[in-house]
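*Asks:*
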Amino acid sequence: MGQVQLLICSLKVSYFSGSSSVAAMKKVVQQLRLEAGLNRVKVSQAAADLKQFCLQNAQHDPLITGVSSSTNPFRPQKVCSFL
Numbered sequence: 360m361g362q363v364q365l366l367i368c369s370l371k372v373s374y375f376s377g378s379s380s381v382a383a384m385k386k387v388v389q390q391l392r393l394e395a396g397l398n399r400v401k402v403s404q405a406a407a408d409l410k411q412f413c414l415q416n417a418q419h420d421p422l423i424t425g426v427s428s429s430t431n432p433f434r435p436q437k438v439c440s441f442l
């Protein structure tokens, strides 16, 4: 992992030129430190959590349970005619 970051940093160093390269590299280092400090979640754990959330909230999902015709604002309007 360290070799990959070193390669990325060296590529970015060669990309930047002049006096702005030091400031740019400081931003790169700051971003790498920020990303290194993030807690990672395994994809399998995230998928399991998402599945559990969906199952717990399925009864409130109108796409699953449907919407009653009396509360549906998109239902076809009835024709009103005066004689």
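For the working numbering, add 359 to where a residue sits in the sequence shown, where the first one is 1.
The C-beta atom is built at its ideal place from N, Cα and C for all residues, glycine as well.
1) Classify S380 as helix, strand or coil using the three-state DSSP reduction.
2) Helix, strand or coil: how does DSSP classify R460 here?
3) Tell me the rounded alpha-carbon separation between L391 and Q404.
4) Just curious, the alpha helix (DSSP H) that F412 is in, first and last residue?
*Replies:* Looking at the atomic coordinates:
1) helix
2) With the chain represented from 360 up to 442, any question about residue 460 goes unanswered, as that position is not in the structure.
3) 25 Å
4) 402 to 415
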